[in-house]
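Numbering (the working numbering), first residue to last: 1 to 230.
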Amino acid sequence: MTLTFEPAPPVLAATTTGDHFPVRRLFCIGRNYAAHAREMGNDPDREPPFFFTAWAEAVVPDGRVIAYPQATADYHYEAELVVAIGASGRNVTAEQAPAMIYGYAVGLDMTRRDVQAEAKDAGRPWDAAKNVEQSKPLGPIHPKADLDPSTGTIALTVNGAPRQTGELSDMIWSVPEVIAHLSTFYRLQPGDLIYTGTPAGVGPVVEGDVIVATIDGLGALTVTVGPPAL
Ligand code: MN
């Protein structure tokens with residue numbers, strides 16, 4: 001059999017400087033805000049950091065309509081600070097980590113919450129809950145020189161109604177600590193994105209909803225929930 005298809009094109013994320021950031025891999029941190037850990041039934045003081053991964057092709061840019069995915073009746077938003085990695089590193093310390101950061105963006109970690117609950121109950125992986133087509137919208141990446149990600153408010157509205165709010169200073173594991181932790185498992189590489197967890201207030205969306213996530217200094221990310229994908 002002769003292959004007749006072309007390689008998938010690289011996923012290119014927008015930056016505020018006009019450059020295109022080639023997306024390599026996605027690492028997503030769970031339970032990184034105490035209030036959200038509690039709303040999901042966990043004790044934030046006893047949970048070590050953990051993460052899951054997603055495909056680069058789950059990234060979609062600001063302003064898009066995202067499909068309501070198949071196989072769920074409880075599709076949730078999660079507003080997150082996203083760290084864009086610009087340098088390679090393994091087993092780095094939290095002190096070394098900031099030098100690996102290219103910049104920051106507002107992101108969404110959309111989640112099939114019902115599928116996640118079933119996976120948790122069964123002790124199974126979260127892939128089908130989290131690594132969903134079009135589930136990781138990403139706003140323009142701001143070079144790190146633009147801001148300090150350790151302070152500021154992260155918030156989310158649905159159709160203009162406030163749903164999530166939190167302070168980046170309330171993250172259980174700081175951005176440098178997250179990078180150091182991930183680098184004990186993988187050599188982080190330029191193009192990697194780290195979704196750093198969500199504050200309290202997660203909830204479901206339906207077709208037609210407009211989601212706006214904001215972080216001080218990073219502007220807004222807007223997506224509209226569309227009909228199911230074909
Ligand atoms: Mn998340």
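Note that beta-carbon positions come from the ideal geometry of N, C-alpha and C, so glycine has one too.
Boundaries of the alpha helix (DSSP H) in which residue i is found, first to last residue
| i | result |
| --- | --- |
| A128 | D127 to K130 |
| A37 | A34 to E39 |
Residues near residue i in its chain [Cβ-Cβ closer than 8 Å; skip 5 each side]
| i | result |
| --- | --- |
| L12 | H20, F21, P22 and V23 |
| Q189 | R24, R25, I85 and S88 |
| D114 | T72, A73 and D74 |
| D127 | F52 |
Residue-level contact to chain C via CB, residue i, 8 Å cutoff
| i | result |
| --- | --- |
| E80 | Note that chain C does not occur in the displayed structure, where there is just one protein chain. |
Closest Cα partner of residue i within the set the options
| i | options | result |
| --- | --- | --- |
| I101 | A180, T214 and V225 | A180 |
| F185 | R90, E57, G18 and D209 | R90 |
| M110 | W126, A99, L3 and A79 | A79 |
| V106 | S88, A117 and P143 | P143 |
| G197 | D170, P61 and Q96 | D170 |
| F50 | L193, V178, A71 and L138 | V178 |
| V158 | V212, T17 and A14 | V212 |
| I172 | Y33, L3, G208 and T15 | Y33 |
| T93 | G219, R187, D192 and G208 | R187 |
| Q134 | P228, R38, T15 and L168 | P228 |
| E167 | V65, E95 and A200 | A200 |
| T53 | V225, L182, P204 and T224 | L182 |
| G191 | V59, P176 and Y77 | V59 |
| E207 | E47, A119, C28 and Y68 | Y68 |
| V82 | G139, T222, V223 and G226 | G139 |
| A161 | G63, W55 and V202 | V202 |
| T214 | G41, Q164 and T224 | Q164 |
| T15 | H76, G103 and A56 | G103 |
| V175 | A99, Q116, P204 and A220 | A99 |
| D209 | P48, G226, L221 and G219 | G226 |
| G63 | P137, A145, T17 and L230 | P137 |
Assigned secondary structure, residue i (DSSP; H/G/I helix, E/B strand, else coil)
| i | result |
| --- | --- |
| A8 | coil |
| P176 | helix |
| A14 | strand |
| L182 | helix |
| A200 | coil |
Extent of the continuous beta strand (DSSP E) run through residue i
| i | result |
| --- | --- |
| R163 | A161 to E167 |
| V223 | G219 to P228 |
| V205 | Looking at the DSSP string, V205 is not in any beta strand (DSSP E), and its letter there is neither H nor E. |
| I154 | T153 to V158 |
| T53 | F50 to A54 |
| I141 | Where I141 is concerned, there is no enclosing beta strand (DSSP E), given that its DSSP letter is neither H nor E. |
| P22 | H20 to V23 |
| G30 | L26 to G30 |
| L193 | L193 to Y195 |
Own chain residues within Cβ distance below 6 Å of residue i, not counting five before or after
| i | result |
| --- | --- |
| D216 | G152 and T153 |
| G30 | F50 |
| Y195 | C28, E80, V82, G107 and D109 |
7 Å CB neighbourhood of residue i in its chain, flanking five on each side removed
| i | result |
| --- | --- |
| P125 | A119 |
| V132 | A58, P69, M110 and R112 |
- Message: Please give the ranges of any beta strand (DSSP E) in the stretch 61-138, keeping only runs that are unbroken, at least 3 residues long and fully inside the region.
- Response: 65-68, 75-77, 79-85, 101-108 and 136-138
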